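> Okay, handing you the structure first.
Number of protein chains: 2
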Amino acid sequence: MTGQDGGPRYDPRGADLVYMLIADDIAAAITAGRYAAGQRLPSEAALAEEYGAARMTVRRAVRELRERGLVRTVYGKGTYVLGPGQ
Amino acid sequence: MTGQDGGPRYDPRGADLVYMLIADDIAAAITAGRYAAGQRLPSEAALAEEYGAARMTVRRAVRELRERGLVRTVYGKGTYVLGPGQ
DNA sequence: ATGCATTTGTCCGTATGTATG
DNA sequence: TCATACATACGGACAAATGCA
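Heads up: the protein sequence lines correspond to chains A and B, in order. Numbered by this note's numbering, the letters in the first sequence go through residues 1 to 86 in order. Numbered by this note's numbering, the letters in the second sequence go through residues 101 to 186 in order.
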């Protein structure tokens, strides 16, 4: 990323962060249809196991997906994939 | 550090840099077996306290040890002593 | 209604990574 | 080199919400 003022800038959203890698991977899975709209994602604990990461890191990834508008999280139930319409 | 007016105060190649002194000391401790292979080093904060230096300086020393292949650092966990085999 | 399991929410402590002054 | 602040990451513990038997 380059600033308009000419100064080189560090991209803090680089994909070399664990939570970002996980978020990208899940996002790709959603795009690929491996997680259909309306379907529930595996639990945070299951995802943590799957990715070999801490649950807090998975939560950070899910938060990223939420901010991208890809999923919706319901307390006590889970995180659900949103369709293109919503 | 290089003086902007009176020339360099320290020999940039010499071992009289604080981080290098610390690195050498830890390396000697590893060689002497005071830190066994597989063992975790004290945290950067603890080492900083021990050596009376800033954490950033200790980090520089640990980086030196990493570049010498003496230790391996794991994000969020610590820095571990490597055996002769690895 | 009473537990019980599952899942997300929150917090704590510790440790490393990055950035700035 | 130091000092500070914040982000990222791990691991654990407990609380709150949900659903089911």
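Cβ coordinates follow ideal geometry from the N, Cα and C atoms, glycine included. Here the structure is a predicted model, which means the values were calculated and not measured.
Within 10 angstroms of its Cβ, does residue 71 of chain A collect 16 or more other Cβ (buried), or is it exposed?
So residue 71 of chain A counts as buried.
> Would you call the segment 41–61 of chain A in contact with the segment 14–30 of chain A, where contact means no fewer than 3 C-beta pairs closer than 8 Å?
A contact exists between the segment 41–61 of chain A and the segment 14–30 of chain A.
> What residues in its chain sit with their C-beta under 8 Å from that of residue 67 of chain A, if we drop five residues either side in the sequence?
Result list for residue 67 of chain A: empty, nothing under 8 Å.
> Taking the alpha carbon of residue 86 of chain A as the reference point, which residue from A/49, A/17, A/37 and A/24 has its own alpha carbon closest?
Per the Cα distances, A/37.
> Using the rule of at least 16 other Cβ atoms within 10 Å of the residue's Cβ for burial, across every protein chain shown, is residue 19 of chain A buried or exposed?
It counts as buried.
> List the whole-angstrom C-beta distance separating residue 174 of chain B from residue 122 of chain B, where the pair is believed to meet the contact cut-off of C-beta under 8 Å.
That pair is no contact at about 20 Å.
> Could you give the distance in angstroms between the alpha-carbon of residue 117 of chain B and the alpha-carbon of residue 183 of chain B?
Straight-line Cα distance between these residues: approximately 26 Å.
> Within 10 Å of its beta-carbon, does residue 164 of chain B have 16 or more other beta-carbons around it, so buried, or fewer, so exposed?
By the neighbour-count rule (16 or more Cβ atoms within 10 Å), residue 164 of chain B is buried.
> Taking Cβ positions, are residue 176 of chain B and residue 48 of chain A nearer each other than 9 Å?
No, the Cβ-Cβ distance between residue 176 of chain B and residue 48 of chain A is not below 9 Å.
> Quick one: which unbroken alpha helix (DSSP H) runs of 4-plus residues sit fully inside the segment 11–82 of chain A? Chain order, please.
Runs found: 18–31, 44–51 and 55–67.
> What do you get for residue 161 of chain B, buried or exposed, if any count of 16 or more other CB atoms within 10 angstroms of its CB means buried?
Looking at its Cβ environment, which holds 16 or more other Cβ atoms inside 10 Å, residue 161 of chain B is buried.
> Do you know whose CA, among A/52, A/35 and A/24, lies nearest residue 81 of chain A's CA?
Closest by alpha carbon: A/35.
> For residue 51 of chain A, I'd like the list of residues in its chain whose CB is within less than 6 Å of its CB, leaving aside the five on either flank, ordered along the chain.
Within the same chain, residue 51 of chain A has close Cβ partners 22.
> Rounded to whole angstroms, what's the CA-CA distance from residue 78 of chain A to residue 45 of chain A? Just pull it up for me.
Each residue's Cα considered, the two are about 11 Å apart.
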